[in-house]
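Single-structure report; data block below.
Residue numbers (this note's numbering), protein chains in the order written: chain A, 166 to 661; chain B, 2 to 102.
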């Protein structure tokens with residue numbers, strides 16, 4: 166297990182100074198093998214040993230920014246030769262034919278990919294209970310959910326098994342479990358990190374997103390993965406954009422670690438009015454008030470700001486995400502992907518239904534919803550209205566971020582909830598993401614950072630910035646993290 | 002918006018998933034609740050949004066009208082992908098039985 170306080174940057178420094186390159190990966194692998202949280206779906210010791218041997222033989226990578234750092238990977242990333250199952254029976258036995266860009270960039274900087282983590286099937290869910298291989302348990306209270314869909318990665322970091330993990334974001338699948346497990350989770354700007362090698366869910370929303378035990382490590386892994394990539398045409402080099410700001414907030418990835426200690430003096434922070442209200446647990450509100458006070462004490466100007474369309478953001482997401490996934494998941498048909506079983510001699514409809522009948526209930530529910538929302542007679546009423554609202558939300562968020570530099574809200578309206586508590590009520594589960602979907606729909610970068618405890622469970626503060634201004638997120642999250650540590654209470658085991 | 006079991010079964014057929022009657026009945030209730038929640042999409046001001054009209058392509062065959070380009074398009078990569086020999090715009094494939102004449 167990663168030693169308490171051992172961070173990715175410290176491991177990389179030790180390896181660069183001559184420590185055995187496989188020391189921490191070996192410990193992480195042993196801890197993952199002993200894991201009782203069901204955080205990991207697949208571990209391959211021989212594969213880890215091969216990576217360590219390759220790193221030992223490569224002096225340049227031993228000086229990399231993630232040299233020898235064990236990283237856990239969500240089960241929807243392609244790594245050549247390894248299983249890629251999206252926690253689904255549909256992809257049982259499937260092995261990835263190539264390694265995606267984000268993973269290549271991690272390995273180029275010396276990272277060791279130690280295993281594949283549990284998730285909601287095809288990243289659809291907010292508790293990791295929709296996995297075909299059973300739920301992951303929250304390491305802070307094993308009777309509770311770790312959040313989702315990237316709950317296995319969040320739990321692996323919170324339990325101290327790894328200092329870094331990869332998840333994916335469509336509507337909050339990294340920020341929400343980060344909040345519920347007391348770690349840092351970032352959704353980068355849409356277009357910041359290549360999705361090459363990430364199994365598609367809703368392509369206008371999907372992002373590669375990291376978990377880290379602290380803000381500086383989060384800045385480092387994000388910087389390693391950032392950058393344009395010909396394999397994903399949605400990625401851009403922000404420096405090439407017309408009218409690009411020259412402010413420090415828009416600084417390049419190399420500046421992000423320094424930004425973590427910059428502070429927030431002179432920054433303007435807006436607390437989203439629509440994210441305050443009866444649906445938010447009192448303990449969550451109190452912790453967020455504390456975060457607001459810390460930012461003010463550090464020199465930021467804080468005020469409340471209204472963004473009316475965000476009140477309908479979840480309704481918008483409930484239509485757009487299923488509409489997109491209903492098209493993306495058409496490829497799991499038993500011909501291109503998915504096991505045919507013994508039905509190859511039958512009619513093609515039999516093959517389809519044999520394979521697609523292996524989808525779990527939540528995936529089936531969303532397929533039905535997306536098919537309905539796009540059907541003739543209802544597309545105008547649901548899909549086009551949702552697109553119109555999304556466009557208005559982008560305009561409103563952009564306008565708000567002209568008045569302030571950052572937006573502040575809770576990441577989740579509640580702390581970690583008991584396993585099974587929302588399983589029978591899909592809408593209640595969707596409401597877990599009510600504060601995370603606005604940044605997803607608008608493409609803006611947002612981070613969740615621990616800001617206190619409620620009833621002994623962690624609370625996450627969410628900060629949202631202008632497009633490609635991740636540096637501002639790291640600066641403000643760094644202030645909250647420092648203040649929480651200085652307060653001497655409230656931090657989760659891995660928060661420091 | 003209320004969905005019934007029959008409509009859910011029809012949707013399940015469209016998206017090629019096997020849903021039995023009990024599941025269809027349960028899904029009908031759940032989906033109706035979600036769609037009721039989504040009705041709030043109509044509450045806001047949509048003036049800054051997209052026109053609320055869906056432009057659909059005519060539902061008719063769309064023939065590719067440039068056969069020379071179509072055949073030529075495979076000239077660069079067809080052979081290495083197993084498409085056989087390409088001469089001009091003619092693709093020669095291996096004979097199914099016996100030698101080519």
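Idealized CB from N, CA, C, for every residue including glycine.
Other residues of its chain near residue i: CB distance less than 8 Å, five sequence neighbours each side excluded
i	result
residue 568 of chain A	433, 435 and 470
residue 8 of chain B	29
residue 209 of chain A	247 and 280
Segment limits, alpha helix (DSSP H) that includes residue i
i	result
residue 645 of chain A	635-652
residue 535 of chain A	526-538
residue 63 of chain B	Taken as a continuous stretch (DSSP letters only), residue 63 of chain B belongs to no alpha helix (DSSP H), as it is neither H nor E.
residue 180 of chain A	173-181
residue 504 of chain A	Segment: none, residue 504 of chain A is in no alpha helix (DSSP H) and carries neither H nor E.
residue 493 of chain A	478-493
residue 416 of chain A	Careful: residue 416 of chain A lies outside any alpha helix (DSSP H) and carries neither H nor E.
residue 594 of chain A	591-595
residue 266 of chain A	266-273
residue 4 of chain B	Segment: none, residue 4 of chain B is in no alpha helix (DSSP H) and carries neither H nor E.
residue 584 of chain A	Element bounds for residue 584 of chain A: n/a, residue is neither H nor E.
residue 318 of chain A	316-323
residue 460 of chain A	447-462
Residue range of the beta strand (DSSP E) that includes residue i
i	result
residue 238 of chain A	235-239
residue 468 of chain A	466-470
Cβ-based neighbour list, residue i, same chain, cut-off 7 Å, excluding 5 preceding and 5 following
i	result
residue 168 of chain A	Legend: pLDDT at residue 168 of chain A = 34, less than 50; position of this residue unreliable, value from coordinates given subsequently. Excluding positions up to five away in sequence, the list is empty.
residue 78 of chain B	With a pLDDT of 49 at residue 78 of chain B, under the threshold of 50, the modelled position of this residue cannot be trusted; read the value that follows with caution. The answer is none, since no qualifying residue turns up.
residue 499 of chain A	505, 516, 517, 519 and 520
residue 363 of chain A	241, 242, 265, 333, 371 and 373
residue 5 of chain B	29
residue 457 of chain A	436, 467 and 573
Residues that DSSP places opposite residue i in a beta bridge
i	result
residue 623 of chain A	A:618
residue 207 of chain A	A:281
residue 18 of chain B	For residue 18 of chain B, which the question treats as bridged, DSSP gives no partner whatsoever.
residue 600 of chain A	Bridge partners of residue 600 of chain A: none, in fact.
residue 397 of chain A	A:394
residue 613 of chain A	A:350 and A:627
residue 331 of chain A	A:238 and A:375
residue 571 of chain A	A:434 and A:630
residue 358 of chain A	A:391
residue 363 of chain A	A:242
residue 260 of chain A	A:248
residue 303 of chain A	A:306
CB-CB length for residue i against residue j, believed under 8 Å
i	j	result
residue 525 of chain A	residue 295 of chain A	6 Å
residue 205 of chain A	residue 283 of chain A	7 Å
residue 475 of chain A	residue 437 of chain A	6 Å
residue 235 of chain A	residue 190 of chain A	4 Å
residue 662 of chain A	residue 188 of chain A	Residue 662 of chain A is absent from the model: chain A starts at 166 and stops at 661.
residue 361 of chain A	residue 402 of chain A	Not a contact, Cβ separation roughly 16 Å.
residue 237 of chain A	residue 327 of chain A	5 Å
Option nearest residue i by Cα separation, candidates the options
i	options	result
residue 592 of chain A	A:490, A:371 and A:527	A:527
residue 439 of chain A	A:556, A:578, A:516 and A:339	A:578
residue 174 of chain A	A:607, A:318 and A:379	A:379
residue 231 of chain A	A:240, A:198, A:330 and A:245	A:330
residue 351 of chain A	A:460, A:362, A:183 and A:337	A:337
residue 229 of chain A	A:356, A:630, A:343 and A:276	A:276
residue 627 of chain A	A:196, A:460 and A:503	A:460
residue 15 of chain B	A:357, A:270, A:393 and A:537	A:537
residue 322 of chain A	A:335, A:367, A:274 and A:383	A:383
residue 311 of chain A	A:343, A:195, A:401 and A:237	A:343
residue 200 of chain A	A:614, A:418 and A:324	A:324
residue 650 of chain A	A:636, A:641 and A:617	A:617
residue 19 of chain B	A:540, A:529 and A:642	A:529
residue 224 of chain A	A:182, A:211, A:213 and A:327	A:182
residue 369 of chain A	A:608, A:614 and A:653	A:608
residue 202 of chain A	A:491, A:320 and A:539	A:320
residue 621 of chain A	A:196, A:318, A:218 and A:345	A:345
residue 477 of chain A	A:596, A:531, A:307 and A:356	A:596
residue 115 of chain A	A:409, A:406, A:358 and A:412	Residue 115 of chain A is absent from the model: chain A starts at 166 and stops at 661.
residue 306 of chain A	A:445, A:268 and A:623	A:623
Close Cβ partners of residue i (< 6 Å) along its chain, the five nearest in sequence each way excluded
i	result
residue 465 of chain A	429, 432 and 434
residue 309 of chain A	303, 581 and 583
residue 290 of chain A	313, 314 and 527
residue 588 of chain A	294
residue 634 of chain A	414 and 415
residue 354 of chain A	610, 632 and 633
residue 497 of chain A	255 and 503
residue 301 of chain A	202, 203, 204, 283, 293, 311, 316, 317 and 320
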